[in-house]
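Notes for the one structure printed next.
Residue numbers (the working numbering): 30 to 113.
Given below as structure tokens:
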């Protein structure tokens, strides 16, 4: 925990909660959910809990704001970039 983060941790937590609520409202076959699955966010078989991995976590920690779907769309690209 950072003591002087100027509210960054709180903003990141709220962004993640908003993104989770948004994703929870989508059907399982939504293209965004499928993109996250293909990026490995639900484990190798696609049936585990959500885990964006180290690259996704780094993106979330430095997320400066935006709409929930923008964060979710950015995750697969961040994961792919880290894998290369």
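No residue lacks a Cβ here, since even glycine has one placed at the ideal position from N, Cα and C.
This structure is a prediction, so every number in the text was calculated from the model and none was measured.
I need the straight-line Cα distance from residue i to residue j, nearest angstrom please.
{"i": "residue 39", "j": "residue 106", "result": "24 angstroms"}
{"i": "residue 68", "j": "residue 43", "result": "23 angstroms"}
{"i": "residue 45", "j": "residue 99", "result": "11 angstroms"}
{"i": "residue 77", "j": "residue 90", "result": "22 angstroms"}
{"i": "residue 59", "j": "residue 73", "result": "19 angstroms"}
With a threshold of 7 angstroms on Cβ separation, who are the neighbours of residue i within its own chain once the five nearest residues in sequence on each side are excluded?
{"i": "residue 88", "result": "103, 104, 107"}
What do you get for residue i, buried or exposed, if any count of 16 or more other CB atoms within 10 angstroms of its CB means buried?
{"i": "residue 53", "result": "exposed"}
{"i": "residue 56", "result": "exposed"}
{"i": "residue 101", "result": "buried"}
Can you name, in chain order, every residue of its own chain whose Cβ lies under 6 angstroms from the Cβ of residue i, other than the five neighbours on each side?
{"i": "residue 65", "result": "none"}
{"i": "residue 47", "result": "97"}
Here's a check: name, in chain order, each residue in its chain whose Cβ is nearer than 8 angstroms to the Cβ of residue i, leaving out the five neighbours to either side.
{"i": "residue 150", "result": "Since the displayed the chain opens at 30 and closes at 113, residue 150 lies outside it and no answer follows."}
| field | Any alpha helix (DSSP H) of 4 or more consecutive residues that is wholly inside the segment 49-109 | value | Counting whole runs of 4 or more residues, the segment 49-109 contains the alpha helix (DSSP H) stretches 60-67, 82-90.
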